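Counting in this note's numbering, the sequence shown runs from 1141 upward without gaps.
Virtual Cβ for every residue (Gly too), placed ideally from N, Cα, C.
Treat the numbers as computed from the prediction; the structure is a model and nothing was measured.
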Amino acid sequence: MQSLQGYFLVASPHLRDPNFIGTVVLMIRHDENGALGVVLNRPADKSIRELWKAVSNTPCRNEGPIHVGGPVPGPIMAIHTRQDLADLEVIPGLYFSAEKEKLEALMSEPQERLRLFVNHSGWAGGQLENELREGAWFTMPARLEYVFYEDVDLWHRVTREIGRAILLDIVRPKHVPEDPSVN
């Protein structure tokens, strides 16, 4: 089994689970026991500050929306770029935290690159592998620029990139312009 930790799971147009239609999931952990990820492109209506006020007495200096990480209830989680406050490194320069003390430290000062999640995406051992065999997901290595991408069209952007890579692998052209529409 190849671990997909540090990869994006990109919902295939064939995936009909309403929890994941049009989503890009960052895989935090993946091994034979199961998988854990967070949906990157599902901002909620509440702000980080509103959520933090409801769960902690410590100050919060972070704005922006909280994100719905998936359909599975669980602790508040964050992805960020502060190595000193990491529980786990997801990809080089990107860290995951769920420990209360680390989250409180992240909230106490403004962070430019921070996503806070309620809920998460989870799969039992073998479940994700079955979904991959069925064609429910595309995969690609995660990139920091997309993890903190602010627009909800992230799914379109990433699927175009995956499609282009597949097409280039099949056609194998000698030169591909960055923007083919200028041809």
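DSSP places VAL1287 in the uninterrupted alpha helix (DSSP H) bounded by 1284-1287. Nearest to GLY1174 by C-alpha distance, out of SER1187, ILE1161 and GLU1271, is GLU1271. Within the segment 1242-1308, the complete alpha helix (DSSP H) segments of 4 residues or longer fall at 1267-1273 and 1284-1287, listed in chain order. The alpha carbon of LEU1180 has as its nearest neighbour, out of GLY1303, ARG1297 and TYR1286, the alpha carbon of TYR1286.
Distance from the Cα of GLU1269 is smallest, within the candidate group LEU1176, THR1163, ASN1159 and PRO1153, for LEU1176. For secondary structure counted as the beta strand (DSSP E) over 3 or more consecutive residues, the segment 1191-1229 holds these complete runs in sequence order: 1205-1208 and 1217-1220. Here the alpha carbons of ILE1302 and GLY1214 stand approximately 31 angstroms from one another.
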